[in-house]
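In the numbering used here, the protein residues as written are 1 to 254. Only one structure is covered here, and it is reproduced in the block below.
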Amino acid sequence: MSGRLALIGLGPGDARYVTPQAEAALAAADALYGYGPYLDRVAPRPQQTRHPSDNREEGARAGAALARAAEGARVALVSGGDPGVFAMAAAVCEAIEAGPPAWRDLDVEIVPGVTAMLAVAARVGAPLGHDFCVLSLSDNLKPWSLVERRLAAAAEGGFVLAIYNPVSRARPLQLGTAFAELRRHLPAATPVVFGRAVGRADESIAVTTLADADGVPADMATLVIVGSAETRLVPRAGRNPLVYTPRSAQGVSA
Ligand code: SAH
């Protein structure tokens, strides 16, 4: 039997976001690997072993899943959202590149999922309706100076920004520093959207401005969208405003 590894995106939370393709790949697995809370979202099946691991252990988790697949197992490695967005797919590619030649012979399937920024954007309107950039604020794998350069370049370029990993216990202050950097390039009234735990029971959404963004709490389950100078709100009586970025841009402001 030749081993295979499926990298499966579970979406942002609610089971309704799990695609039929992801369901089929989960059902076909002998062994499930992943960060514990993500694995907890997958219903147990008889004959399937489960191998939860810690958040920080991505390299080790990738290696363990690949080694099991190389033994001939059908392995599923789950990620929240999409496996290719700040998640396990790149960790597995790194492990295959650096690992034993036999790992290159494995059948690797990547099953996309609904990434957090799409779920958050869908809650408020169409903030990603024009050009946008995606950035992780974590400086675990890159220097903070590079994060600041990219924030400035994205704002200067007129891109809407989707910010993953805005804070962690080890990094309580960086989101505030990021907003301060963005205020140097963007109007104070620029809309900012906070989406927390979207698709889960404790979901919350807040829409504010860049000027007031420091007042909104954010944690590790929060995705932040910072508009461009073009992003606007459509007020609606008795309903939440629609936040959107028009499809066209004049190239006069950034
Ligand atoms: N692969 C995941 C992202 C992993 S990085 C995806 O595609 O969504 C982890 C970051 O994703 C969190 O810090 C947060 O910024 C964001 N995130 C993940 N799930 C979320 C959710 N349900 N609601 C809001 N943000 C979420």
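The beta carbon of each residue, even a glycine, is placed where N, CA and C say it ideally should be. Since we're looking at a predicted model, the values are computed, not measured.
### Message
Just to check my reading of the structure: A29 and Q48 have Cβ atoms closer than 8 angstroms, yes? What is that Cβ distance to the nearest angstrom?
### Response
For the purposes of this step, residue 29 is taken as residue 29 along the sequence shown, with counting starting at 1. For the purposes of this step, residue 48 is taken as residue 48 along the sequence shown, with counting starting at 1. With a Cβ gap of about 6 angstroms, A29 and Q48 count as contacting.
### Message
Quick check: the Cα distance between L161 and I205, rounded to an integer number of angstroms?
### Response
The residue given as residue 161 occupies position 161 in the sequence shown. The residue given as residue 205 occupies position 205 in the sequence shown. For L161 and I205, the distance between alpha carbons rounds to 17 angstroms.
### Query
Among the residues of its own chain, which have a CB less than 7 angstroms from the CB of A152, if the five just before and after it don't count?
As a first step, residue 152 must be located in the sequence shown, where it is residue number 152. Result list for A152: E181, H185, in chain order.
#### Entry: Given L7 as reference, the closest of G13, Y17, A70, A87 once Cα atoms are compared
The residue labelled residue 7 in the question sits at position 7 within the sequence shown. Ranking G13, Y17, A70, A87 by Cα distance to L7 puts A87 first.
### Message
Taking the straight line between their C-alpha atoms, what separation do you get for A254 and P187?
### Response
The residue given as residue 254 occupies position 254 in the sequence shown. The residue given as residue 187 occupies position 187 in the sequence shown. With a pLDDT of only 47 at A254, under the threshold of 50, the placement of this residue in the model should not be trusted, and no figure is reported.
### Task
For A121, I'd like the list of residues in its chain whose CB is within less than 6 angstroms of its CB, leaving aside the five on either flank, ordered along the chain.
By one-based count along the sequence shown, residue 121 stands at place 121. Closer than 6 angstroms at the Cβ level, and outside the excluded window around A121, lie P127, L128.
### Query
In terms of residue numbering, what span does the alpha helix (DSSP H) encompassing G84 cover?
In the sequence shown, the residue the question calls residue 84 occupies position 84. It is not in any alpha helix (DSSP H) - G84 carries neither H nor E in the DSSP assignment.
### Message
Based on DSSP bridge pairs, tell me the residues matched to R74.
### Response
To locate residue 74, count along the sequence shown from 1; it is residue 74. Answer is R4.
#### Entry: Nearest to D212 (by Cα), restricted to the options V192, R200, T222, R196
Translated into positions along the sequence shown, residue 212 becomes position 212. Comparing Cα positions, the closest option is V192.
### Task
Could you work out which residue in G59, G34, V85, Y17 is closest to V75 when comparing CA atoms only?
Residue mapping note: residue 75 aligns to position 75 of the sequence shown, counting from 1. Proximity to V75 across G59, G34, V85, Y17 peaks at G34, based on C-alpha coordinates.
### Task
Go ahead and pull the three-state DSSP assignment for D202.
Here residue 202 corresponds to residue number 202 of the sequence shown, with the count starting at 1. Look at D202 here: in three-state DSSP terms it is coil, with no helix or strand label.
### Message
According to DSSP, simplified to helix, strand and coil, what is P241?
### Response
Along the sequence shown, one-based indexing puts residue 241 at 241. P241 falls in the strand class under three-state DSSP.
### Query
Is the beta carbon of A221 sitting closer than 8 angstroms to the one on R196?
On the sequence shown, residue 221 is found 221 positions in, with the first residue counted as 1. On the sequence shown, residue 196 is found 196 positions in, with the first residue counted as 1. In this structure, R196 lies closer than 8 angstroms to A221 by Cβ.
### Message
Any heavy atom of ligand 1 inside 7 angstroms of the beta-carbon of N165?
### Response
Translated into the one-based positions of the sequence shown, residue 165 becomes position 165. Answer for N165: yes, Cβ within range of ligand 1.
### Task
Report all residues from its chain with a CB closer than 8 angstroms to the CB of E97; omit the five preceding and five following residues, and keep chain order.
One-based indexing of the sequence shown puts residue 97 at position 97. Excluding positions up to five away in sequence, the list is empty.
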